[in-house]
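Those protein sequence lines, which keep their order, are chains A and B.
The first sequence begins at 0 in numbering that gives the first Met the number 0 and counts up by one.
The second sequence begins at 0 in numbering that gives the first Met the number 0 and counts up by one.
Written below as structure tokens is the structure these notes are about.
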Amino acid sequence: MKITYLKISFILSSILILISSCEPELDPSVEDDRIYESGNADFSNFVAVGNSLTAGFMDGALYRSGQMSSFPNIMAGQFEFVGGGEFNQPLMNDDLGGLLFNGQKIAQNRLVLAVDEQGNPAPAELAGNPTTEVTNTLSGSFNNVGVPGARSFELTVNGYGNAANLPTAANPYFVRFASSPDASVIEDAAAQNPSFFSLWIGNNDVLGYATNGGAGEDQTGNTDPSTYGPNDITDPNVFAQVYSGLVNSLNESASGGVLFNIPDVTSIPFFQVVPVQAVPLDEQTAAQLNAQFNLYNTQILGGLAQAGIISQNEVQQRQISFSEGDNFVTIQDENLTDLTTILQGPPFNLDPQTAQTLGQLRQANSSDLIPLTAASFIGTTVNDDPTLINGVTVPLGDQYVLTSEEQNKVQMATNAYNETIAGIAQQNELAFVDVNAILTQVNEGGIPYNGGTLTSEFVSGDSFSLDGIHLTPKGNALISNRAIEAINAQYGSTIPVVEIGDYKGITPSNNVAQ
Amino acid sequence: MKKLLLACLFMLSTASIYAGGYRVAAQGQRALAMGHAGVAVVNSAELAFFNPAGLSHLEGQLNVSVGFTGVLSQTKWQNQETGQFSETDSGLGTPFHAYISYKINETFTAGLAVYTPYGSSVEWEKDWAGSHLVNDINLESIFVQPLISMRLSDEISIGGGPIFVTGNVNFNRNADRSLTDLEGNRSNVTIDDSGVTNWGWSASMLITPGEKFKLGINYRSEIILSSEDGKATFSNFPNSPLTPANTTMGFQAELPLPAELTIGASYEFNDKWLFAFDYNRIFWNVYESLDIDFEDPSVPNSINPRNYKSASTYRFGLQYKALENLTLRTGYYLDESPVRDGFFAPETPRNDANGFTGGISYQVNDKIAIDASFLYVRFEEVDTSYDPYTVNGQEAPFEGTYNSNAFLPGIGLTYNL
């Protein structure tokens with residue numbers, strides 16, 4: 000009997016040992032075999048340089064889970080299949096995203112999609128007190144050197160991470176992780192001796208101008224960036240020089256890299272959500288308004304034209320007319336002759352406020368773009384005066400409209416930057432991602448993936464986050480995949496792409512300030 | 000020695016593995032050792048499951064067979080397009096059986112059978128790439144069946160009885176492929192129910208034209224488990240009217256335990272050698288869709304097409320009586336998967352399988368024998384997908400390569416008086 004027990008126990012134990020060593024094997028195995036090739040690039044130390052897009056900024060803020068789905072972090076995850084190392088990011092302290100500087104809140108929390116009492120979903124700031132203090136600087140070096148808000152030339156500025164230079168000459172996000180107060184972004188990046196790099200910079204060189212409705216200056220021709228305002232267009236020659244320097248710095252140690260170009264700003268939801276015809280009117284109100292503007296349309300404009308102060312063309316542009324249905328907003332166009340002073344004089348003798356209202360007044364047309372920031376402004380009244388309606392009787396200011404002239408300036412600069420980027424990519428035999436073409440495709444029909452289509456439709460399109468400018472994790476996954484494809488083509492590697500459907504789109508939440 | 004045995008059993012119960020598919024064919028140690036063929040083998044009280052008609056052929060007045068099997072099984076998945084991979088973290092399935100038969104007279108034999116033909120325990124890595132289909136599932140069912148066997152003539156016997164089934168289910172999956180709460184925890188739903196009961200029946204016939212040759216047929220009816228009192232728990236959903244609330248609510252769902260037909264034969268070449276063949280047909284086509292109807296009408300129902308097809312298993316077994324008190328057995332079976340291409344859901348990662356079996360019986364004394372069996376199941380590696388998962392009406396196939404295997408060591412006792 001004892002022998003039987005012993006035998007059975009022995010058999011059972013042997014079986015268990017056999018079982019634990021006998022897992023099913025996939026052939027080839029992603030986990031155990033090295034089945035992907037790195038080609039002739041070395042991905043062991045990947046450093047990503049750029050702005051908010053590189054940092055993983057989305058929903059109007061930089062927050063932890065957004066950073067985890069930054070496009071370089073997604074790429075680094077796939078690089079692990081071909082010898083990629085750790086990818087350190089200067090993570091924020093929380094998932095809210097706001098920033099504190101000496102305890103004062105200087106950046107808002109992330110936006111979430113909140114549903115109001117009427118059941119309408121709209122972006123709203125996530126409630127909560129941010130805990131990321133700018134002056135609590137991080138130590139160590141970071142593979143993700145993406146600095147939200149940075150323009151091309153600012154990457155080379157020493158002291159851009161010095162808290163003493165805030166708010167104008169420094170960037171709070173870089174202050175957090177600069178290796179020293181005097182370091183520049185590119186110095187910190189190059190000091191890590193990247194074996195592979197990504198560079199996506201130049202967006203903010205036009206974006207600030209565009210999102211502020213062209214309120215800044217086009218600095219084309221001015222080669223001294225130290226004289227630029229925050230919302231100006233960077234001179235393309237300055238861009239070219241800076242860009243080439245950035246690539247040279249990174250390329251010194253690297254076996255390769257990938258460059259991204261600048262998308263056309265008009266392809267982003269920020270300029271597509273608010274229609275130019277944003278003023279719905281009934282027949283009676285339209286007639287009332289037309290009566291109000293009748294004198295202006297006929298007498299004032301006619302008189303000014305007769306006096307030779309404005310052209311017939313400008314008379315046509317300045318006509319204000321409303322009808323039942325959706326109407327074009329009224330705007331202030333800096334390209335029109337400023338009549339403010341003239342209107343205050345004889346024979347019109349208008350009061351200064353009215354004269355200013357009419358000074359550069361016109362109704363928007365279908366070639367104008369209204370930024371997302373105007374959404375909550377159009378239709379509000381001035382000083383609770385029901386007759387002073389923003390966008391109707393009070394024209395939208397320059398910052399709330401990007402006219403076709405302003406769009407042209409942005410377009411010209413963007414094209415010039417993109418020529419530079421494509422040229423440098425070719426010269427240095429670097430992988431190149433035509434983000435401009437990709438986002439145009441997203442905008443015009445969309446890009447399908449397993450289980451959906453990425454479009455630039457606000458909220459439902461899943462590509463762009465709630466700020467209407469920055470990509471969602473899904474959008475970042477698309478960019479990562481395109482970058483991986485470009486890298487594979489350039490370096491002969493076989494890095495796998497990610498499943499876009501596994502990444503998040505818009506985040507719904509009603510945890511918002513009431 | 001007892002300590003060592005206990006240690007082994009303890010290891011068994013904590014070892015980590017799962018069971019592929021939810022029909023687990025391990026309803027008798029002696030039959031399992033012979034490729035789980037037994038519809039025409041008159042051997043022990045295991046006939047209570049394999050062919051109740053045969054109970055009246057057993058020698059002795061009282062026959063008992065009890066045993067249990069450890070189902071140690073593992074599945075690996077990968078997608079070479081994306082580099083994603085995962086594996087099931089093992090749990091242990093322990094199908095068991097207890098059969099007793101009592102010969103009332105030469106014509107009638109009564110019996111009672113308790114067995115667990117359906118069950119599954121699959122646990123993938125939490126939030127793995129297919130977590131929108133399943134994170135983990137645990138399915139248990141116990142069949143209790145009183146039996147009567149009747150010897151109509153020397154050649155023909157019939158048998159059968161009603162089946163009472165009680166089942167438990169616990170199933171967790173993520174809400175979709177990406178939704179999380181604000182902290183990044185994946186939104187998920189767990190459905191849980193226990194004590195789901197229903198009735199079925201089985202009936203069988205044994206034909207014995209001669210001493211050596213036997214023919215058997217056994218049919219077990221389909222039993223639908225309808226879950227009506229279970230709870231669905233929604234967790235980690237963001238606080239938003241756009242998504243379900245974090246709450247617990249009722250649900251309704253049905254899981255079929257399909258009907259099974261077995262036809263087989265056995266032949267004794269001589270005193271030592273016996274060959275058995277069983278043909279199994281499981282009517283899986285009843286499993287069209289797993290639909291979970293949540294109590295709150297604002298929460299969309301979960302519709303999960305399965306579209307199974309009925310499938311056959313071919314079982315071959317050989318028995319060799321080596322010594323007076325020692326019998327050796329071996330067997331093989333080919334198990335066709337009921338899963339159609341494009342409907343490969345990872346909660347039952349079951350492909351065509353080859354089963355290799357072996358076992359021994361040691362006759363301790365006149366009355367008691369110890370039966371041990373071992374089954375190794377090798378599922379064929381398969382590139383497949385689950386296509387019907389949809390996002391806003393658009394299909395989002397879940398693709399990849401699966402490879403599974405399973406080890407089922409079992410032990411039992413046979414008592415004969």
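The C-beta atom is built at its ideal place from N, Cα and C for all residues, glycine as well.
- Looking at the DSSP output, A:K473 bridges to nothing.
- Buried is the label assigned to B:R176, since at least 16 other Cβ atoms lie within 10 Å of its Cβ.
- Around B:F342, no beta-carbon contact reaches into chain A at under 9 Å, the shortest distance being about 17 Å.
- For B:F84, the C-beta contacts it makes with chain A under 9 Å involve L25, S28, V29 and E30, in order along the chain.
- Residue A:L371 holds the alpha-carbon nearest to the alpha-carbon of A:A121 among A:L371, A:A239 and A:Q398.
- For a cut-off of 8 Å, the C-beta gap from A:P447 to B:G82 is around 21 Å, too long to register as a contact.
- Cβ-Cβ distances below 6 Å link B:A52 to S148, S156, I157, G158, S203, M204 and L205 in the same chain, with the five nearest sequence neighbours on each side left out; the list follows chain order.
- By the CB criterion at 8 Å, B:G27 and B:L407 fall outside the cutoff.
- When secondary structure is reduced to three states using DSSP, B:D295 falls in the coil class, being assigned neither helix nor strand.
- With 16 or more neighbouring CB atoms inside 10 Å of its own CB, A:A214 falls in the buried class.
- Close CB contacts of A:I185 within its chain, under the 6 Å cut and outside five residues either way in sequence, are with L154, T155, L245 and S248 (chain order).
- Around the beta carbon of B:W76, 16 or more other beta carbons sit within 10 angstroms, so the residue counts as buried.
- Between A:V328 and A:L395 a beta carbon distance of about 6 Å is seen, short of the 8 Å cut, so the two are scored as contacting.
- Taken through DSSP and simplified to helix, strand or coil, B:W283 comes out as helix.
- Note on geometry: alpha-carbon atoms of A:G444 and A:G451 lie some 12 Å from one another.
- Below 8 Å, enough C-beta pairs join the segment 327-336 of chain B and the segment 350-369 of chain B to call them touching: three or more.
- Chain-ordered, the chain B residues with CB closer than 8 Å to the CB of A:Y502 read S177.
- CA-to-CA, the gap between A:Q107 and B:S72 works out to about 51 Å.
- Interface criterion not met: the Cβ of A:V441 is under 8 Å from no Cβ in chain B.
- With contacts defined as CB atoms closer than 8 Å, B:L54 and B:G110 qualify as a contacting pair.
- Taking 8 Å as the CB threshold, A:Q77 lines the interface with chain B.
- At a cut-off of 8 Å between C-beta atoms, B:P396 counts as an interface residue with respect to chain A.
- Rounded to whole angstroms, B:I141 and B:G160 show a C-alpha spacing of 15 Å.
- In its chain, beyond the 5 residues on either side, N92 and D93 have a beta carbon closer than 6 Å to the beta carbon of A:T130.
- Residues of chain A with a Cβ closer than 8 Å to the Cβ of B:T165 do not exist, since the nearest Cβ in that chain sits about 30 Å away.
- With a threshold of 8 Å between beta carbons, B:K75 makes contact with chain A.
- Membership of B:E398 in the beta strand (DSSP E) is indicated by the continuous run F397 to N415.
- Taking a C-beta distance under 8 Å as the contact criterion, B:A258 and B:F282 qualify as a contact pair.
- Residues of the segment 239-265 of chain B with a C-beta atom less than 9 Å from some C-beta of chain A are S239, P240, L241 and T242, listed in chain order.
- By the rule that beta-carbons nearer than 8 Å mark a contact, A:T493 does not touch chain B.
- Classified as exposed, B:N364 has fewer than 16 neighbouring CB atoms from the shown chains inside 10 Å of its CB.
- Runs of the beta strand (DSSP E) lying entirely within the segment 87-171 of chain A and spanning at least 3 residues, in chain order: 98-100, 103-106, 110-114, 120-124 and 143-145.
- Nearest C-alpha to B:E221 among B:P255, B:P396, B:V298 and B:T106: B:P255.
- Using a CB distance cut-off of 8 Å, A:S194 does not count as an interface residue toward chain B.
- The Cβ atoms of B:Q60 and B:L416 lie closer than 8 Å to each other.
- Short of 7 Å from the beta carbon of A:A209, and not among the five residues preceding or following it, lie these beta carbons of its own chain, in chain order: V264, L401 and V409.
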